[in-house]
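2 protein chains.
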Amino acid sequence: MKDGPSIATVAALIGDPARANMLAALMDGRALTASELAEAAGVTIQTASGHLAKLDAARLLTAERQGRNRYFRLSGTDVAFVLEGLMGLAQRTGAVQVRTGPRDPALRMARVCYDHLAGELGVTLLDRLLLRGLLTDTPEPDVTADGAAFFIGLGVHIDSQRKRRRPLCRRCLDWSERRSHLGGLVGARLLTRMMEQGWLRRGEGRVILVTPDGRRALADRFGLVAD
Amino acid sequence: MKDGPSIATVAALIGDPARANMLAALMDGRALTASELAEAAGVTIQTASGHLAKLDAARLLTAERQGRNRYFRLSGTDVAFVLEGLMGLAQRTGAVQVRTGPRDPALRMARVCYDHLAGELGVTLLDRLLLRGLLTDTPEPDVTADGAAFFIGLGVHIDSQRKRRRPLCRRCLDWSERRSHLGGLVGARLLTRMMEQGWLRRGEGRVILVTPDGRRALADRFGLVAD
DNA sequence: ACAACAGTTCGATTAAGATCGAAGTGTGGA
DNA sequence: TCCACACTTCGATCTTAATCGAACTGTTGT
Numbered sequence: 001m002k003d004g005p006s007i008a009t010v011a012a013l014i015g016d017p018a019r020a021n022m023l024a025a026l027m028d029g030r031a032l033t034a035s036e037l038a039e040a041a042g043v044t045i046q047t048a049s050g051h052l053a054k055l056d057a058a059r060l061l062t063a064e065r066q067g068r069n070r071y072f073r074l075s076g077t078d079v080a081f082v083l084e085g086l087m088g089l090a091q092r093t094g095a096v097q098v099r100t101g102p103r104d105p106a107l108r109m110a111r112v113c114y115d116h117l118a119g120e121l122g123v124t125l126l127d128r129l130l131l132r133g134l135l136t137d138t139p140e141p142d143v144t145a146d147g148a149a150f151f152i153g154l155g156v157h158i159d160s161q162r163k164r165r166r167p168l169c170r171r172c173l174d175w176s177e178r179r180s181h182l183g184g185l186v187g188a189r190l191l192t193r194m195m196e197q198g199w200l201r202r203g204e205g206r207v208i209l210v211t212p213d214g215r216r217a218l219a220d221r222f223g224l225v226a227d
Numbered sequence: 228m229k230d231g232p233s234i235a236t237v238a239a240l241i242g243d244p245a246r247a248n249m250l251a252a253l254m255d256g257r258a259l260t261a262s263e264l265a266e267a268a269g270v271t272i273q274t275a276s277g278h279l280a281k282l283d284a285a286r287l288l289t290a291e292r293q294g295r296n297r298y299f300r301l302s303g304t305d306v307a308f309v310l311e312g313l314m315g316l317a318q319r320t321g322a323v324q325v326r327t328g329p330r331d332p333a334l335r336m337a338r339v340c341y342d343h344l345a346g347e348l349g350v351t352l353l354d355r356l357l358l359r360g361l362l363t364d365t366p367e368p369d370v371t372a373d374g375a376a377f378f379i380g381l382g383v384h385i386d387s388q389r390k391r392r393r394p395l396c397r398r399c400l401d402w403s404e405r406r407s408h409l410g411g412l413v414g415a416r417l418l419t420r421m422m423e424q425g426w427l428r429r430g431e432g433r434v435i436l437v438t439p440d441g442r443r444a445l446a447d448r449f450g451l452v453a454d
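Protein chains in written order, with the working numbering: chain B, 1 to 227; chain D, 228 to 454.
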């Protein structure tokens with residue numbers, strides 16, 4: 001039973017540790033240079049170059065020249081979702097992998113998942129939005145009238161986006177929390193806006209830090225207590 | 228940047244052609260024996276045994292003894308979704324894989340995707356349901372009042388299922404059609420019911436065949452013209 | 001009890017590909 | 001023009017794991 005588009009080649013591509021680390025490093029949606037990815041993967045730059053060529057050929061990444069650097073990014077949200085899915089599966093395996101070490105608590109607390117907020121903060125945020133009736137508590141949440149007003153108050157306008165292909169809201173399963181956080185277009189806009197407002201700040205890698213202003217604002221607007 | 232639950236090991240597991248074929252063969256939700264899976268993968272039974280042990284250890288499969296056979300199935304919907312996601316990515320790569328050959332047209336036409344209907348038939352079916360207002364045309368469709376009545380007419384009762392964890396409806400991206408078909412609980416019930424009614428029949432592997440009765444019923448109930 | 005069958009374990013072989021040193025291409029800045 | 005830098009290509013080495021023959025465990029049916 002030959003399988004049409006061979007799933008194995010793609011999986012094998014992701015299955016190499018060096019390449020997997022590169023892909024994981026790109027999960028926050030940024031574009032990184034070949035050298036940066038080499039460092040992230042823990043290999044020399046020649047090796048990284050080979051890997052990147054393969055990922056590019058398979059269209060998992062898109063490359064873009066800028067001066068003498070080449071910037072790579074994930075080629076689409078579908079790639080990111082598969083990667084998150086794999087993380088979920090890896091999580092289940094559990095005990096096998098516990099050796100890896102420190103398990104950055106900041107990463108557990110708040111991090112970026114492709115282009116929206118994940119981690120404990122992301123999960124509780126979604127909880128609050130549902131609890132207040134700003135989103136419908138359906139499998140795929142929708143923005144209520146109250147919600148639309150609330151988001152406009154934050155400076156996030158979503159009505160104009162209704163016709164886009166990307167789902168407005170999406171429950172994105174969180175590998176560290178085993179619960180869902182808010183993805184989709186609204187999730188992405190919300191993160192962008194919160195960073196514009198200076199409530200959140202980028203940390204190392206995928207880590208997101210809450211500023212003092214943010215702490216106040218989150219308590220004020222969402223009823224979240226500081227951690 | 229060590230990645231918590233190592234995504235690479237899981238992906239590598241799926242990345243071996245033999246194991247990938249086994250997983251693909253299990254995508255229809257059936258349980259298969261080790262020998263059947265060996266044949267599906269095109270390897271000897273000893274080799275298959277080794278692979279199955281690994282997949283089992285990683286919790287991608289669950290095993291169940293029955294007499295002198297061991298039946299394996301995918302351990303959950305999350306595994307199936309990651310596999311479909313990988314198929315989607317493999318599809319994009321396109322030209323690289325065209326060599327594989329026949330590309331079964333029956334498989335394109337109608338097949339089972341884990342536990343619901345996919346392929347051209349699955350896609351047009353979802354279209355019809357949306358067009359007739361039986362499902363809401365939202366990112367995650369919901370069953371309308373008309374829809375609930377319609378499904379009851381088919382012998383599919385869904386109200387009682389409202390409280391279950393599994394999403395009622397779900398747009399599941401189709402790797403052969405590049406459009407969505409109906410997944411979720413409703414998708415699963417619908418397929419089961421159609422097979423009970425003798426409208427659809429299992430073919431080789433994941434292929435689904437439409438019976439003459441089914442052809443009439445689909446035209447009658449859904450306004451689908453025979454192909 | 002015995003033969004047939006399903007599956008597992010072991011060991012030797014073999015093939016694939018990840019890795020890095022060294023050398024090559026091309027861009028940017030002095 | 002020349003050097004520094006980002007990246008790519010080539011070639012040799014080495015590790016990993018997929019594969020199958022053969023032997024072993026355990027179950028079913030006669």
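Virtual Cβ for every residue (Gly too), placed ideally from N, Cα, C.
Residue of the options minimising C-alpha distance to residue i
i      : options                           : result
B:E39  : B:D56, B:V186 and B:A20           : B:A20
B:G29  : B:W199, B:C172 and B:V79          : B:V79
D:V309 : B:V10, B:L209 and B:G187          : B:V10
B:V189 : B:R216, B:S6, B:G88 and B:L154    : Note on identity: in this sequence residue 189 of chain B is Arg, with Val being the wrong assignment. When each option's Cα is compared against that of B:R189, the closest is B:L154.
D:R300 : D:G414, D:F449, D:A280 and D:L427 : D:A280
D:A337 : D:A376, D:H408 and D:G360         : D:H408
D:D447 : D:F377, D:M249, D:G315 and D:D342 : D:F377
D:M249 : D:L418, D:L264 and D:L357         : D:L264
D:M421 : D:I272, D:D243, D:V383 and D:L361 : D:V383
D:L288 : D:G294, D:R295 and D:S302         : D:S302
B:L134 : B:F222, B:T44 and B:I45           : B:F222
D:D342 : D:R359, D:T304 and D:R292         : D:T304
Identity of the residues DSSP links to residue i by a beta bridge
i      : result
D:H408 : D:C399
B:R202 : B:I208
D:F308 : In DSSP, D:F308 forms no bridge with anything.
B:V143 : B:L135
B:L86  : Note: B:L86 sits in no beta bridge, so no partner.
B:R65  : B:R70
B:H116 : B:C113
D:T260 : D:Y298
Per-residue burial, residue i [other beta carbons within 10 Å of its own, 16 or more giving buried]
i      : result
D:D440 : exposed
B:I152 : exposed
D:G269 : exposed
D:Q318 : buried
D:L344 : buried
D:G411 : buried
D:T274 : exposed
D:R429 : exposed
D:T327 : Caution is warranted here: a pLDDT of 32 is assigned to D:T327, below 50, making its placement in the model unreliable, and the coordinate value is therefore given only provisionally. Classification for D:T327: exposed.
D:I435 : buried
D:V437 : buried
B:R216 : exposed
D:H278 : buried
D:D243 : buried
B:L126 : buried
B:L168 : buried
B:E84  : buried
D:G425 : exposed
D:L358 : exposed
B:G88  : buried
Whether residue i touches residue j by CB criterion (9 Å)
i      : j      : result
D:Y298 : D:A285 : no
B:A18  : D:I234 : no
B:T124 : D:D369 : no
D:G346 : D:L334 : yes
D:S276 : D:A258 : no
D:V339 : D:L445 : no
B:I158 : B:A148 : yes
Presumed contact (8 Å Cβ cut-off) between residue i and residue j, rounded CB distance
i      : j      : result
B:G187 : B:R206 : Going by Cβ atoms, the distance from B:G187 to B:R206 rounds to 15 Å, so no, they are not a contact pair.
B:L13  : B:L55  : 7 Å
B:R128 : B:L26  : Their Cβ separation, rounded to whole angstroms, is 29 Å, which puts B:R128 and B:L26 out of contact at 8 Å.
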